[in-house]
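Quick notes on the structure that follows.
Number of protein chains: 2
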Amino acid sequence: VTATLAQADTQLTTVDLREQVGAVLDAFLTGQAAVLRGVGHELEPAMNALREALMVGGKRLRPAFCYWGWCGAGGDPREPGIVLAAASLELLHGCALIHDDIMDGSDLRRGLPSVHRRFADLHDAKGWSGPGEAFGTASGILLGDLCLSWCDELFDACGLPAGRVAAAKTLFHQMRTELIAGQYLDIFEQAVGGSSVERARRVIRYKTAKYTVERPLQLGAVLAGADRALLDRYTAFALPLGEAFQLRDDVLGVFGDPARTGKPAGDDLREGKRTVLVALAYRAASSGQRADLERWLGDPALDSAGVERLRAVIVETGALERVERLIARGTRSAMRALLETGLPPGAGRALSLLATAATDRAA
Amino acid sequence: VTATLAQADTQLTTVDLREQVGAVLDAFLTGQAAVLRGVGHELEPAMNALREALMVGGKRLRPAFCYWGWCGAGGDPREPGIVLAAASLELLHGCALIHDDIMDGSDLRRGLPSVHRRFADLHDAKGWSGPGEAFGTASGILLGDLCLSWCDELFDACGLPAGRVAAAKTLFHQMRTELIAGQYLDIFEQAVGGSSVERARRVIRYKTAKYTVERPLQLGAVLAGADRALLDRYTAFALPLGEAFQLRDDVLGVFGDPARTGKPAGDDLREGKRTVLVALAYRAASSGQRADLERWLGDPALDSAGVERLRAVIVETGALERVERLIARGTRSAMRALLETGLPPGAGRALSLLATAATDRAA
């Protein structure tokens with residue numbers, strides 16, 4: 002009973018945090034809306050699209066890791082500055098999603114039209130001149146650029162001691178460069194049609210594990226004045242957890258329920274994403290299975306029969322089972338590292354719940 | 002003779018500054034190359050493309066305004082920190098150019114393939130899978146994002162007193178939001194096929210005058226600890242000058258010599274850019290001239306006869322002459338404001354030379 006109560010208590014805090022992050026973003030966006038309105042009322046649709054992209058849905062996972070990284074390093078859980086810094090990560094993430102959707106040609110995000118799609122549709126509905134797709138792409142590029150600029154602005158405004166903000170900013174810059182480099186590695190791998198497990202895991206490391214878990218935790222820790230030893234312990238927890246999180250995402254991208262993921266069934270297969278799941282299927286495929294992979298993977302016109310066939314190959318080659326084992330192993334390894342870190346009980350519990358939520362989910 | 006010598010002296014300093022900015026960028030990029038190499042050797046082409054985009058050509062106009070804004074506010078001309086801060090503006094500009102070229106579908110920049118074009122060509126040359134255009138666009142988006150992130154990183158690293166950097170950062174953030182908002186206004190105007198002189202001037206104000214002249218000058222001034230009065234005097238100089246600079250750019254986009262601009266003849270006409278030049282032509286057009294504008298402007302297949310016809314309309318409607326008058330008037334007004342500001346002689350001379358170079362040029 003005590004354990005359940007303690008858990009309920011932490012979960013409440015996690016919900017509170019999500020609300021606080023939402024409130025910070027809301028106030029920040031209201032301020033930016035005034036700046037954009039100063040440039041012209043034509044910016045209204047851009048502001049609305051950004052508000053929806055940043056306020057609707059979203060697990061606020063990166064702010065949560067940042068906040069608990071702070072608490073785990075002894076930071077005051079009631080310090081408002083850490084919520085500002087943590088919320089800034091959602092702006093970076095907003096840019097990553099908006100630009101990713103352009104790069105992947107994804108028309109849906111959380112069940113709603115993606116930003117570039119929305120502007121392409123607006124263009125066509127109004128009968129404006131030139132191709133609607135190009136207007137959508139251009140709008141998406143610019144709106145992502147706004148988010149990318151704003152994440153610095155919000156982080157810079159957190160109001161925590163200048164020396165610590167400066168130290169954290171160094172890590173922040175490194176995180177961004179790693180994220181973007183990881184994204185490049187991802188599109189490169191997709192273009193060369195690679196099926197290397199090693200390279201797929203490297204993409205995960207930079208594009209997800211560091212960006213989603215390790216760096217946010219460390220940012221919180223550095224802002225709280227943590228020493229190098231804690232940063233390294235966070236790494237030992239974060240990297241296996243972040244990998245498991247992305248592997249879960251990859252499984253959902255192939256087998257997930259569209260009603261819960263907000264994406265069409267088998268979307269990752271249609272896009273030809275070079276995930277660890279796919280790389281493992283390639284590695285263990287018979288020549289017939291390989292032919293199916295070559296033929297269907299990345300076909301934009303892939304129908305439900307094709308999706309079923311590829312799913313069958315992924316199951317029959319044992320790739321799905323192997324990935325589930327990797328997820329379980331990564332989660333266990335993260336939990337072990339967490340226990341060894343010896344965090345204050347509140348932060349330890351919250352991080353262990355976050356770890357479970359990140360790896361054992363349906364959307 | 003004294004005047005000529007003084008001028009020669011200042012020009013030498015301007016050349017020195019350009020070299021110093023280049024050296025700062027070179028060292029910064031070398032550091033980032035190590036980070037990217039850590040992610041993977043696959044990033045090599047990305048790093049090479051960024052180096053070329055940022056190091057080859059370029060007037061380094063924004064760093065120059067930032068530096069002289071600092072000197073004009075009494076900052077030490079030999080302070081290395083101001084060169085770091087000034088150089089960071091080139092990274093922001095790198096992002097603006099790389100993303101602009103995607104949005105405009107421009108294949109050339111300074112006579113070389115634009116970044117997205119280069120990656121589309123690489124894709125096709127290697128025979129990678131999927132459409133080369135999409136790979137080019139994705140690469141261009143990511144490389145622009147790197148530049149946008151890096152401009153903060155370099156600015157944050159300038160090493161000037163923290164309080165002044167924080168004050169300047171507020172202005173820096175505002176500049177970026179205004180720039181991106183101005184770019185949105187630009188693509189919006191192009192999509193709606195607008196011919197409003199008022200709106201075209203508003204685009205110039207945000208996309209060029211503030212971003213290229215006013216904010217860089219003010220950034221330098223704030224870093225040097227200037228008061229509000231000087232910032233306002235810089236505005237009085239910067240806005241008419243910045244407008245004249247962009248109007249000159251618009252004239253070159255239609256009438257410029259491709260050998261000097263590095264862009265195909267009449268490129269702006271092919272793209273259908275909604276410049277003040279075009280808006281003034283619309284306003285004064287006869288019904289026949291208007292029909293020509295409607296028919297040819299923004300036609301991607303516009304041939305040299307079409308370019309000639311549109312040029313003729315712009316000349317015959319008096320639009321070219323009017324724009325030349327606006328350029329002359331803006332430059333005069335800027336020079337008057339500069340004189341009234343009473344800057345130290347070195348900074349005053351340098352800014353007046355920059356103003357001339359910005360408005361009276363062939364490339």
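Those protein sequences? They're chains R and A, same order as listed. Mapped onto the working numbering, the consecutive letters of the first sequence carry residue numbers 2 to 364. Mapped onto the working numbering, the consecutive letters of the second sequence carry residue numbers 2 to 364. Ideal Cβ positions, reconstructed from N, Cα and C, are used throughout, including at glycine.
Would you call the CB atoms of residue i and residue j closer than 7 Å?
| i | j | result |
| --- | --- | --- |
| cysteine 148 of chain A | leucine 92 of chain A | yes |
| threonine 213 of chain R | arginine 63 of chain R | yes |
| isoleucine 205 of chain A | glutamine 247 of chain A | yes |
| arginine 275 of chain A | glutamine 191 of chain A | yes |
| arginine 61 of chain A | leucine 30 of chain A | no |
| alanine 266 of chain R | valine 308 of chain R | yes |
| arginine 111 of chain A | aspartate 102 of chain A | no |
| valine 84 of chain A | valine 25 of chain A | yes |
| leucine 281 of chain R | arginine 323 of chain R | yes |
| glycine 331 of chain A | alanine 245 of chain A | yes |
| alanine 182 of chain A | leucine 44 of chain R | yes |
| phenylalanine 238 of chain R | leucine 144 of chain R | no |
| serine 334 of chain A | proline 241 of chain A | yes |
| phenylalanine 120 of chain A | glycine 131 of chain A | no |
| alanine 86 of chain R | phenylalanine 156 of chain R | yes |
| threonine 262 of chain R | alanine 364 of chain R | yes |
Counting only Cβ pairs nearer than 7 Å, list the residues of chain R close to residue i.
| i | result |
| --- | --- |
| alanine 47 of chain A | Tyr185 |
| lysine 274 of chain A | Here the premise fails: no neighbours, minimum Cβ distance about 12 Å. |
| glutamate 154 of chain A | His174 |
Report the neighbours of residue i on chain A: residues whose CB is nearer than 8 Å to its CB, in chain order.
| i | result |
| --- | --- |
| valine 36 of chain R | Gln175, Thr178, Glu179 and Ala182 |
| arginine 203 of chain R | Val40 and Gly41 |
| isoleucine 103 of chain R | Thr138, Ala139 and Ile142 |
| tryptophan 129 of chain R | Ala192, Val193 and Gly194 |
| glutamine 33 of chain R | Thr178 |
Could you tell me which residues DSSP puts in a beta bridge with residue i?
| i | result |
| --- | --- |
| arginine 110 of chain R | R:Leu113 |
Give me the Cα-Cα distance between residue i and residue j, rounded to the nearest whole angstrom.
| i | j | result |
| --- | --- | --- |
| glycine 82 of chain A | arginine 350 of chain A | 22 Å |
| valine 193 of chain R | cysteine 96 of chain R | 25 Å |
| glycine 319 of chain R | serine 287 of chain R | 12 Å |
| valine 277 of chain A | arginine 291 of chain R | 58 Å |
| alanine 50 of chain R | glycine 343 of chain A | 46 Å |
| glycine 70 of chain R | alanine 359 of chain R | 16 Å |
| aspartate 27 of chain R | alanine 306 of chain A | 53 Å |
| alanine 169 of chain A | glycine 299 of chain A | 40 Å |
| alanine 178 of chain A | alanine 54 of chain R | For the record, residue 178 of chain A in the displayed sequence is threonine; it is not alanine. Whole-angstrom Cα-Cα distance: 18 Å. |
| leucine 90 of chain A | leucine 294 of chain A | 36 Å |
| alanine 348 of chain R | phenylalanine 173 of chain A | 36 Å |
| histidine 124 of chain R | glycine 106 of chain R | 17 Å |
| aspartate 304 of chain R | proline 259 of chain R | 15 Å |
| glycine 128 of chain R | tryptophan 297 of chain A | 19 Å |
| leucine 231 of chain A | aspartate 153 of chain R | 27 Å |
| methionine 48 of chain A | glycine 164 of chain R | 31 Å |
| leucine 367 of chain A | leucine 311 of chain A | Because residue 367 of chain A is not part of the residues shown, which for chain A are 2 to 364, the question remains open. |
| methionine 56 of chain R | glycine 23 of chain R | 7 Å |
| alanine 135 of chain A | arginine 118 of chain A | 10 Å |
| threonine 5 of chain A | alanine 225 of chain A | Residue confidence for threonine 5 of chain A is low, a pLDDT of 41 falling below 50, so the modelled location carries little weight; the figure read from the coordinates is stated next. Approximately 29 Å, taken between the alpha carbons. |
| alanine 313 of chain R | leucine 321 of chain R | 10 Å |
| arginine 326 of chain A | tryptophan 151 of chain R | 39 Å |
| glutamate 317 of chain A | alanine 285 of chain A | 9 Å |
| valine 198 of chain R | alanine 74 of chain A | 57 Å |
| histidine 94 of chain R | leucine 98 of chain A | 23 Å |
| glycine 32 of chain R | arginine 234 of chain A | 27 Å |
With DSSP run on the structure shown, which of helix, strand or coil describes residue i?
| i | result |
| --- | --- |
| aspartate 77 of chain A | coil |
| tryptophan 129 of chain R | coil |
| glutamine 247 of chain A | helix |
| leucine 98 of chain R | helix |
| valine 2 of chain A | Residue placement at valine 2 of chain A is poorly supported in this model, since its pLDDT is 36, which falls under 50; the coordinates still yield a value, given next. In this structure, valine 2 of chain A counts as coil in the three-state DSSP scheme. |
| leucine 161 of chain A | coil |
| valine 193 of chain A | coil |
| valine 57 of chain A | coil |
| alanine 359 of chain R | helix |
| arginine 275 of chain R | coil |
| aspartate 258 of chain R | coil |
| threonine 318 of chain A | coil |
Could you list which residues in chain R have their beta carbon closer than 9 Å to that of residue i, in chain order?
| i | result |
| --- | --- |
| leucine 44 of chain A | Ala182, Tyr185, Leu186 and Phe189 |
For residue i, which residues in chain A fall below 7 Å Cβ to Cβ?
| i | result |
| --- | --- |
| aspartate 157 of chain R | Lys170 |
What residues from chain R crowd round residue i, counting only those whose CB sits closer than 8 Å?
| i | result |
| --- | --- |
| leucine 149 of chain A | Asp146, Leu149 and Ser150 |
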